[in-house]
Amino acid sequence: MEPGAKLFQPMGGRAYSPTAAQDREFLNSLCTIAPFPKNFIERIPDKWRKAIYEFSPRLAPNGQPITFDFIRNIFEIPEEDWAFIRDVLQPDPKMRPSADQLLQHSWLNF
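For the sequence shown, the positions run 0 to 109 when numbering that gives the first Met the number 0 is used.
As structure tokens, this is what we get:
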């Protein structure tokens with residue numbers, strides 16, 4: 000199994016875990032890595048909004064929150080690669096480059 004492959008699995012594994020609990024754990028993992036944009040939070044049902052506000056960060060064994068920067072440092076991703084990944088995974092749709100813009104990204108022209 001690749002490093003970090005369990006990042007989005009529910010704590011304790013999927014066995015006997017209800018779908019709603021799996022969804023909640025998946026959202027918790029996503030929220031730790033890149034907090035949800037305010038305009039996304041405003042559009043979701045109250046039930047999920049309240050659940051997201053209660054999330055605590057997913058922590059690595061060393062106690063650090065598993066954020067994008069943490070992942071970059073662990074895997075020693077070069078800055079040129081990271082710039083492209085950061086653009087592709089931009090959580091705010093208003094700031095995320097379009098597919099056409101991403102195809103023009105300098106990283107694809109190496």
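Glycine is no exception: its CB is placed at the ideal position from the N, C-alpha and C atoms.
(message) Starting from residue 101, trace the alpha helix (DSSP H) in both directions and tell me its first and last residue.
(response) 98-102
(request) Return the first residue and the last residue of the alpha helix (DSSP H) that residue 73 is part of. (result) 67-74
(request) Whole angstroms is fine: what's the gap from residue 47's alpha carbon to residue 23's? (result) 8 Å
(request) Apply the 10 Å Cβ neighbour rule to residue 18 and answer buried if 16 or more other Cβ atoms are within range, or exposed otherwise. (result) exposed
(message) Please report the straight-line C-alpha distance between residue 88 and residue 45, rounded to a whole angstrom.
(response) 25 Å
(message) Only counting the same chain, and skipping five residues up and downstream in sequence, which positions put a Cβ closer than 6 Å to that of residue 71?
(response) 81
(request) With DSSP collapsed to three states, give me the class of residue 58. (result) strand
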